[in-house]
Amino acid sequence: MALKKIFSKDRKICTVIFTVASAEADGAKTISVAGDFNRWSSTLTPLTRRKNGSFSVRIPLEVGKEYQFRYLVDGRKWENDWKADKYIPAPYSDSNNSVVVTKPRKL
399 MALKKIFSKD RKICTVIFTV ASAEADGAKT ISVAGDFNRW SSTLTPLTRR
449 KNGSFSVRIP LEVGKEYQFR YLVDGRKWEN DWKADKYIPA PYSDSNNSVV
499 VTKPRKL
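When the letters of the sequence shown are read in order and numbered with the numbering used here, they come out as residues 399 to 505.
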């Protein structure tokens, strides 16, 4: 799993590419990402399956914020992104949520 961040020239939008590698997908048929940015919808933001078996999606986010998220695999198994910027306890379970931070590096 990986997060790639691309900042707009005006540094107001950070497009985050959420990727689940084929080995990590482990034969999954569907993967979606749910988080603060889509009201924790398990269906609103599906990742696209690539020819190599990986999954990815691009999501434009406001710069200067932190967004909690998790992946939902095949509609039944929640997974964290083990390369997330940080993790915080989930408010409704005994697990953690992944966090992506959209703060640009200093020039």
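We put the CB at the ideal spot given by N, CA and C, even for glycine.
The structure presented is a predicted model; accordingly, all values stated were derived computationally and were not measured.
{"Query": "Residue closest to ASN450, alpha-carbon to alpha-carbon, out of THR443, TYR465, ALA432, ALA419", "Result": "ALA419"}
{"Query": "Extent of the continuous alpha helix (DSSP H) run through SER440", "Result": "Taken as a continuous stretch (DSSP letters only), SER440 belongs to no alpha helix (DSSP H), as it is neither H nor E."}
{"Query": "Between the CA atoms of ARG448 and SER454 - distance to the nearest angstrom", "Result": "8 Å"}
{"Query": "Beta-carbon separation (whole angstroms), THR446 vs SER430, contact threshold 8 Å", "Result": "In fact, because the Cβ distance is near 11 Å, the residues do not count as touching under 8 Å."}
{"Query": "Reduced DSSP category for SER406 - H, G, I as helix; E, B as strand; rest coil", "Result": "coil"}
{"Query": "Whether ILE404 touches GLU460 by CB criterion (8 Å)", "Result": "no"}
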